[in-house]
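Note sheet for the following structure.
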Amino acid sequence: GNSVTQMEGPVTLSEEAFLTINCTYTATGYPSLFWYVQYPGEGLQLLLKATKADDKGSNKGFEATYRKETTSFHLEKGSVQVSDSAVYFCALSSRDDKIIFGKGTRLHILP
Amino acid sequence: EAGVTQSPTHLIKTRGQQATLRCSPISGHTSVYWYQQALGLGLQFLLWYDEGEERNRGNFPPRFSGRQFPNYSSELNVNALELEDSALYLCASGFRRGQSSGYTFGSGTRLTVV
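Chains as they are written, first to last, in my numbering: chain A, 71 to 181; chain B, 80 to 193.
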C-alpha cells in the first residue's frame, strides 16, 4: 500500500539557518504530494503541493520538488525564522484513496 | 469563501458517554475526511465520506462511526467513550476527483474524556 516516511524530529535550528526535512514515499500510480504545517494549537494548513514528476511546489519561502526517480519530496527553506516553528507533515493522495500522512516533524527555531 | 468549520471547538465528556462532532465542508467539496490526532502523535485516519457514502475506514473500533448528509456536512460519533479517546479530531474536505488540489482542514475539535 501507499506510505510516507519523513525524518524524525524534533529539528532545532538557529534563525536564518538552512532547512531540509526529508520525505520519501511509496505509492502505485501517480500520487499528488503535499506538505502541511500545523502551528501550535491549530489545525493543518496546506503549505505547498506538487502533482506530477519534476513539479516544484513553493510557498512562503519553502519549496519541494517531486522526484519520481528517488520517490522523494524533501522540504527546504533557505533562511528560517522563529515564526516557522511548527510541525510539518508530508502527505500523498491518489485517486480513490485517503490522504496518507507522515508522522510529522517538529521544528524549533531559536532566535 | 468560508473554510471548513468544525464544532464544537472543545468538548468535555465523561467515560462511557457519547460524543458527536460536526464538520461543514467548503462549498462544492463532496469529500470529508476525519482524523484523530492524539497528543504528541501523528494523524490517524478515521473515516472518509464522499457523496453520502463511506468510502474508507481506518483501524478504529466500531464505536467510532459517522455519516455524511445530503449537503455534504458530516458527523462523527464516538460511543462508549474511553480515556484514550481524548485527542484533537480534525476534519478535512476536498473534491474526490481532484486530489491534486489538496485538502482543506478545519481547526479541529478538542475532545477530553474524564
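Every residue gets a Cβ at the ideal spot worked out from N, C-alpha and C, and that includes glycine.
| Item | Value |
| --- | --- |
| Residue from GLY181/B, TYR182/B, TYR168/B whose Cα sits closest to the Cα of PRO87/B | TYR168/B |
| Integer Cβ distance of VAL83/B from GLY181/B, believed to fall under 8 Å | About 12 Å; that fails the 8 Å criterion. |
| One or two residues paired with TYR168/B in a DSSP bridge | GLN115/B, THR188/B |
| Residues in the stretch 125–144 of chain A having any Cβ partner in chain B nearer than 9 Å | none |
| C-alpha distance - ASN135/B paired with TYR128/B, whole-angstrom precision | 7 Å |
| Touching by the beta-carbon criterion (3+ pairs, under 8 Å), the stretch 92–105 of chain A and the stretch 148–164 of chain A | yes |
| Range covered by the beta strand (DSSP E) that runs through ARG134/B | 132–136 |
| Segments assigned beta strand (DSSP E), at least 3 residues, entirely inside the stretch 140–164 of chain A | 145–147, 156–163 |
| CA-to-CA distance, ASN138/B to THR121/A, given in whole angstroms | 28 Å |
| Chain B contacts made by the stretch 109–125 of chain A, where a contact means CB separation under 8 Å | GLU112, GLY113, LEU114, GLN115, LEU116, LYS119, THR121 |
| Beta-carbon proximity of ALA98/B to VAL157/B, cut-off 8 Å | yes |
| Euclidean distance between Cα positions of GLN76/A and TRP113/B | 22 Å |
| Residue-chain proximity (ILE91/A, chain B), Cβ-Cβ < 8 Å | no |
| Cutoff 8 Å: SER186/B Cβ touching any chain A Cβ | yes |
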